[in-house]
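Notes for the one structure printed next.
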Amino acid sequence: MTTLKGHEQAGASFGVPEPEPESARSVINEMVDAGLFDDLMARIDKGTLQLTGEGGFLPEMVKAVLERGLQAEMAGHLGYEKGERSAASPNNSRNGSTPKTVASEIGDIALVTPRDRDGSFQPALVPKGSRRIGGLDEMIISLYAGGMTVRDIQHHLARTLGTELSHETIANVTDAVLEEVLAWQNRPLEEIYPVLYLDALVVKVLDGHHVMNRSAYIAVGIDLEGIKHVLGIWVQASEGAKFWAGVCAELANRGVKDVLIVCCDGLTGFPEAIEATWPHTTVQTCVVHLIRNAMKFVAYGDRKKVAAAMRPVYTAPSADAARVELDAFTGSELGRKYPAAVSVWERSWERFIPFLAFPAAVRRIIYTTNAIESLNYQLRKIIKNRGHFPNDAAVVKLLWLAIRDIEDKRARERAKDRKTDRASDGNHLIEGAASLGWNGALGALALAYPDRINGYL
Numbered sequence: 223m224t225t226l227k228g229h230e231q232a233g234a235s236f237g238v239p240e241p242e243p244e245s246a247r248s249v250i251n252e253m254v255d256a257g258l259f260d261d262l263m264a265r266i267d268k269g270t271l272q273l274t275g276e277g278g279f280l281p282e283m284v285k286a287v288l289e290r291g292l293q294a295e296m297a298g299h300l301g302y303e304k305g306e307r308s309a310a311s312p313n314n315s316r317n318g319s320t321p322k323t324v325a326s327e328i329g330d331i332a333l334v335t336p337r338d339r340d341g342s343f344q345p346a347l348v349p350k351g352s353r354r355i356g357g358l359d360e361m362i363i364s365l366y367a368g369g370m371t372v373r374d375i376q377h378h379l380a381r382t383l384g385t386e387l388s389h390e391t392i393a394n395v396t397d398a399v400l401e402e403v404l405a406w407q408n409r410p411l412e413e414i415y416p417v418l419y420l421d422a423l424v425v426k427v428l429d430g431h432h433v434m435n436r437s438a439y440i441a442v443g444i445d446l447e448g449i450k451h452v453l454g455i456w457v458q459a460s461e462g463a464k465f466w467a468g469v470c471a472e473l474a475n476r477g478v479k480d481v482l483i484v485c486c487d488g489l490t491g492f493p494e495a496i497e498a499t500w501p502h503t504t505v506q507t508c509v510v511h512l513i514r515n516a517m518k519f520v521a522y523g524d525r526k527k528v529a530a531a532m533r534p535v536y537t538a539p540s541a542d543a544a545r546v547e548l549d550a551f552t553g554s555e556l557g558r559k560y561p562a563a564v565s566v567w568e569r570s571w572e573r574f575i576p577f578l579a580f581p582a583a584v585r586r587i588i589y590t591t592n593a594i595e596s597l598n599y600q601l602r603k604i605i606k607n608r609g610h611f612p613n614d615a616a617v618v619k620l621l622w623l624a625i626r627d628i629e630d631k632r633a634r635e636r637a638k639d640r641k642t643d644r645a646s647d648g649n650h651l652i653e654g655a656a657s658l659g660w661n662g663a664l665g666a667l668a669l670a671y672p673d674r675i676n677g678y679l
């Protein structure tokens, strides 16, 4: 809810010392203890008084607070209180008032805003031209981040708050975060990420008069502390070497000097772009995606048996042992029945076997891009609610807002557990998920890449 900022400024102009801030909860408790709410609640229970809605207690209380604050701001501007006369502003004085309706998270509020004769009064509490107060903008953005369309939000506010906002107004509120999105997409990154995952979400985007499927690629890097960070979001109609070269160049320009291992799903042109940008990086095919791709060619009734037959391949202690297991599967009855499944492994073999050079602690980390599946699962639900997007920028905006809310919620839970208040993005606590078993994996990586990682530890 909005605060009496203007009232405080007016008090300061008269030389009144600024009081110590009080806890809202402590003030409420004092009012409850004094019995001030008893009569109010009795009237609400009897139905003679509404709490919200037109003419409700809360909107009327906010109206009274705001109008008092506006009068205090005017007094500070002119140098004298209403009803007094002063030579402080000989060429300016009060000049009546103007009616104004503002939307809030508790409904529409009709205000009487004071005017001065020369039009120099600029209220801070309810600025000129402002049609919304308090946390309404934040509410709209939160609903949008949850997957509601602009039209859905419009109906929701009208039904629950009685606030009628135009389609353009709500769209403008959500578009106001585009500068934040741009700043986030271009923020500096760490110099090294031991592991980087790249995964795609399929989105529907309006292209001309047709709705087309596009891929929204999300890069997630694990830092040296084992925390996962979303590094960027890119929307592309079709993958290719030029596109991936641009993505890698962008990450490098934002400060990434080295990546030890990249886990992805056989994206065309991506391994070559990675190796051109960071020549010593290991590109690892996601094992789970590899298994899923092979299973596409297997009848449903045989899938459990084929999965069991494939397990010795990706759990082998070395690349040579894995080759023996794959040859055994190829020559088996199931392998002969499903040669296309075998072909999937053969085509991906060179990008699969780097995985086998690492100990179990590292294998668990790079086994699959499903390490970010929890994030992707939540994002897919939001995308499903939206249907299609008007353009690529709308895709990035929604995904960024959703990611911010997901990470913000996670960080608040951790801060509560730690009994700390950690803010790293204004009002938002941005903190990625921790990687399980990271200490063991980091130790193994330090032994495998001493020259590349020890200088950062």
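Here the numbering used here is used: the sequence shown runs in plain steps of one and ends on residue 679. The beta carbon of each residue, even a glycine, is placed where N, CA and C say it ideally should be.
Between the C-alpha atoms of alanine 441 and isoleucine 588, what's the straight-line distance to the nearest angstrom?
Along the sequence shown, read from residue 1 onward, the residue named residue 441 stands at position 219. Along the sequence shown, read from residue 1 onward, the residue named residue 588 stands at position 366. Spanning the two alpha carbons is a distance of roughly 14 Å.
Would you grab the beta carbon distance between glycine 462 and histidine 451 for me? Rounded to a whole angstrom, and I think it's under 8 Å.
If you number the sequence shown from 1, residue 462 lands on position 240. If you number the sequence shown from 1, residue 451 lands on position 229. Going by Cβ atoms, the distance from glycine 462 to histidine 451 rounds to 26 Å, so no, they are not a contact pair.
Once you ignore the five residues that flank glutamine 600 on each side, which residues in its own chain have a CB closer than 8 Å to its CB?
Here residue 600 is taken as the residue at index 378 of the sequence shown, counted from 1. Contacts found: Ala624 and Ile628.
When you compare the CB positions of glutamate 390 and glycine 477, do they come within less than 8 Å of one another, or not?
The sequence position of residue 390 within the sequence shown is 168, counting from 1. The sequence position of residue 477 within the sequence shown is 255, counting from 1. Result no, Cβ atoms of glutamate 390 and glycine 477 do not sit closer than 8 Å.
Where the beta strand (DSSP E) through serine 437 begins and ends:
Counting from one through the sequence shown, the residue named residue 437 turns up at place 215. Looking at the DSSP string, the run of the beta strand (DSSP E) that includes serine 437 is 432-444.
Taking all protein chains shown into account, decide if lysine 619 is buried (16 or more other Cβ within 10 angstroms of its Cβ) or exposed.
As a position in the sequence shown, residue 619 is number 397, starting the count at 1. Classification for lysine 619: buried.
Considering just the uninterrupted stretch of the alpha helix (DSSP H) at histidine 389, what are its terminal residues?
One-based indexing of the sequence shown puts residue 389 at position 167. Segment 389-397, the alpha helix (DSSP H) holding histidine 389.
So, helix, strand or coil for leucine 693, using DSSP?
It is not possible to answer for residue 693, since the shown part of the chain is limited to 223 through 679.
For glutamate 360, which option in Asn394, Gly341 and Thr335 has the closest C-alpha, if you only look at C-alpha atoms?
For this step, residue 360 is matched to residue 138 along the sequence shown. Closest option to glutamate 360, Cα to Cα, is Asn394.
I need the straight-line Cα distance from alanine 232 to asparagine 317, nearest angstrom please.
By one-based count along the sequence shown, residue 232 stands at place 10. By one-based count along the sequence shown, residue 317 stands at place 95. Because alanine 232 sits at a pLDDT of 41, beneath the cut-off of 50, its placement in the model cannot be relied upon, and the point is left open.
What do you get for valine 546, buried or exposed, if any count of 16 or more other CB atoms within 10 angstroms of its CB means buried?
The sequence position of residue 546 within the sequence shown is 324, counting from 1. Exposed is the call here.
Check lysine 268 in the structure and name its three-state DSSP category.
The residue you call residue 268 lines up with position 46 of the sequence shown. Reduced to three states, the DSSP call for lysine 268 is helix.
My understanding is that cysteine 485 touches valine 417, with C-beta atoms under 8 Å, so please give their C-beta distance in whole angstroms.
Position 263 of the sequence shown, counted from the start, is the residue given in the question as residue 485. Position 195 of the sequence shown, counted from the start, is the residue given in the question as residue 417. Contact flag correct, Cβ pair sits at about 7 Å.
Check whether the region 422-430 touches the region 605-617, taking contact to mean three or more Cβ pairs, one atom from each stretch, closer than 8 Å.
yes
Are serine 570 and leucine 512 close, meaning C-beta to C-beta below 8 Å?
Numbered from its first residue, the sequence shown carries residue 570 at position 348. Numbered from its first residue, the sequence shown carries residue 512 at position 290. Cβ atoms of serine 570 and leucine 512: closer than 8 Å.
Burial state of aspartate 261 (16 or more Cβ within 10 Å)
Working through the sequence shown from its first residue, we reach residue 261 at position 39. Per the 10 Å Cβ criterion, exposed.
Would the region 465-477 count as touching the region 538-558 if we require 3 or more Cβ pairs under 8 Å?
no
Could you pull the start and end residues of the alpha helix (DSSP H) that lysine 526 belongs to?
Position 304 of the sequence shown, counting from 1, holds the residue named residue 526. Here the alpha helix (DSSP H) through lysine 526 covers 525-536.
Valine 566 (DSSP reduced to helix, strand or coil):
In the sequence shown, residue 566 corresponds to position 344, counting from 1. Residue state, collapsed to three classes: helix.
Closest Cβ-Cβ distance between glutamine 376 and chain C: below 8 Å?
Protein chain content of the structure displayed is limited to a single chain, and chain C is not contained in it.
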